[in-house]
Amino acid sequence: MDDIDSFLDAHKPTFEGELCALLRIPSISADPNHKADMGRAAQWVADQFRGMGLAPEVIETTGQPLVYAATPPIAGKPTVLVYGHYDVQPVEPLNEWISPPFEPTKRSGNIYARGATDDKGQMLTHLFSTAAWLKTRGKLPVNLQFAIEGEEEVGSKGINGFLATRAGQEKLKCDVVVVSDCSQYGPGQPAITYGLRGGMWFQLRLSGPKQDLHSGTFGGAVANPINAICKLLAALIDDRGRIQVPGFYDDVVPLTEQERKAFAALPFSEADFKQQVGVKELAGEEGFSTLERRWVRPTCDVLGIWGGSQVPKSAIAARAGANVSFRLVPNQNPQKIAAATKEFLLARRPPGIELEMEVLSGSEAVVVPLDSPYVRAASRVIEQAFGRAPVYMREGGSIPIVRNFKDQLGVDTLLLGWGLDDDNTHSPNEKFCLADFHRGIKASAHLWNELAKQ
Ligand code: BES
Ligand code: MN
Ligand code: MN
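Counting the sequence shown from 1 gives a position; the working numbering is that position plus 1231.
Structure below.
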């Protein structure tokens, strides 16, 4: 692997330059104003494959385009599907960014920009490792396929639709999936992730009087949508951190004693964690540790809330709304949870208030087996590239497609995260450590070699 390793060393500036080029495209999937940027980002990814001598396809979906490419077939070797996403989250609040979100800036070994770690930087590690093989050896030791989508941050509807078709399943057929879209356990401690939470995201819209009303003249006689939404949202969780929707916990797979022990054995400092997130005290469901609360217990969080005037004004608002998410764990079913939640909320609808609940997206949690030769191969290359053997962890975040790869293609996913918990994913000042970027490329290049031995 010396030839490939020296190619990687020699091309570090090129890789960083290319990463910055993609980071300059504001591909925010949730914002229809960025429709054209989504197309540009997809084309940019396709151009990377063209630059390697591959023939990519930009597949139209019901939403954003899916970029597909495959390396020339190598008989008798496994087929590996690399999945990643070129879309990013919105950037608000903009004034909290030290450098603008779409002007990638290097500061103390990190590259700062929206999408740096989630997922442009991590996703590109696999493209660049593949380019290195093609440029130095002219071919890969395995069959590689890439599916790089543009709707992960809004629930992956397009690629899920594609994966539900016969043609999509034929195209993405593989032996194993590789995804780098999560984190290491901590700085200097790489990890292999074997579980992700699922989720159910919904929007609640309440309306009362036909227009805003003087709160003195009418207050007390007319239902107030903001009062009502506060009460409804507050009813979702009790003081012990338990979600109150009937049947919510019915299907939850309890933690095994073995897993509890394994989590407890991971080095974890509550004090450091408090400092990292900037709180004096932690909170959550009674009876569970912080790692358990983050990785394997379901949650309910209000993500946004609106209504009324943001400057003092003596009026009752006509409308109020909120975006809410549940994080789900094995074997909770998002549709079932959505139906039970709707029933719970409608039963509490106060008189004089109209209530609408719209489900935005849902995905099931996933756990991948650790006793596989693929996991052992990944573990070896991570140890080589990062200088330390990975620990096995679960994650609280969701990557909706991973569960569908299992259900539709019957394959497991290797979740190899190169990011860090303090990368400010979805927050202002998102970053990616450039040393991890290069270690990720190296691990990926070696992974193709190790997977070829399976
Ligand atoms: N890459 C993240 C998920 C993630 C982050 C997994 C950190 C593990 C560690 C992904 O891009 C993401 O943000 N997913 C969304 C999915 C949702 C919008 C449907 C999430 O988890 O909120
Ligand atoms: Mn991501
Ligand atoms: Mn994300």
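The C-beta atom is built at its ideal place from N, Cα and C for all residues, glycine as well. A quick note: this is a predicted structure, and the numbers were derived from the prediction, not measured.
The stretch 1294-1345 is shown to contain no whole alpha helix (DSSP H) run of 4 or more residues. Judged by the Cβ position, D1350 qualifies as a neighbour of ligand 1 at the 7 Å threshold, a heavy atom of the ligand being closer than this.
For the pair S1629 and A1596, the Cα-to-Cα distance works out to about 7 Å.
Per DSSP, F1433 is one residue of the beta strand (DSSP E) stretching across 1429-1438. Remark: C-beta atoms of M1354 and G1315 approach each other more closely than 8 Å. Pairing G1352 with L1250, the inter-Cα distance amounts to about 6 Å. Straight-line spacing of the CA atoms in A1452 and G1439 works out to 12 Å. Taking a C-beta distance under 8 Å as the contact criterion, T1521 and E1501 qualify as a contact pair. Distance from the C-beta of S1629 to the nearest heavy atom of ligand 1 is below 7 Å.
Around the beta carbon of T1302, a 10 Å sphere encloses 16 or more other beta carbons of the protein chains shown; the residue is thus reported as buried. Under the 10 Å beta carbon count, G1248 is surrounded by fewer than 16 other beta carbons and is classified as exposed.
Apart from sequence neighbours up to five positions away, the residues of its chain that approach E1288 with a beta-carbon distance below 6 Å are Y1299, ordered along the chain. By the C-beta density criterion, L1513 is exposed, having fewer than 16 other C-beta atoms within 10 angstroms.
Distance from the CA of D1349 to the CA of T1656, rounded to the nearest whole angstrom, comes to 6 Å. When the beta-carbon positions are compared, I1423 and S1603 stay at least 8 Å from each other. With contact defined as three or more Cβ pairs closer than 8 Å, the stretch 1253-1264 and the stretch 1321-1333 are in contact. Pairing A1569 with R1634, the inter-Cα distance amounts to about 18 Å. Counting only runs of 4+ residues, the alpha helix (DSSP H) found wholly inside the stretch 1399-1469 occupies 1456-1466, in chain order. Following the DSSP letters along the chain, one finds S1556 inside the beta strand (DSSP E) bounded by residues 1550-1559. Between G1593 and the set P1659, M1431, L1651, G1538, the nearest pair of CA atoms involves M1431. The C-alpha of T1367 lies about 34 Å from the C-alpha of P1600.
Apart from the 5 residues on each side of it in sequence, L1486 sits with its Cβ closer than 7 Å to the Cβ of E1523, V1527 in its chain, given in chain order. Nearest Cα to R1428 within the set N1564, A1571, P1621, Q1420: N1564. Take the alpha-carbon of Q1434 and the one of P1244: they are about 44 Å apart. In terms of Cα proximity to G1648, the closest of D1412, D1236, E1574 is D1412. Q1475 counts as exposed, since fewer than 16 other beta carbons sit within 10 angstroms of its beta carbon. Measuring C-alpha to C-alpha distances from K1505 to each of V1484, V1590, P1372, D1653 identifies D1653 as the nearest. When the five nearest sequence neighbours on each side are left out, the beta carbons in the same chain lying within less than 6 Å of the beta carbon of N1680 are those of P1372, in order along the chain.
Around the C-beta of M1232, fewer than 16 other C-beta atoms lie within 10 Å, and the residue is accordingly described as exposed. The C-beta distance from V1410 to T1644 rounds to 6 Å, short enough to meet the 8 Å contact threshold.
In the three-state scheme derived from DSSP, where H, G and I count as helix and E and B as strand, Y1480 is classed as coil.
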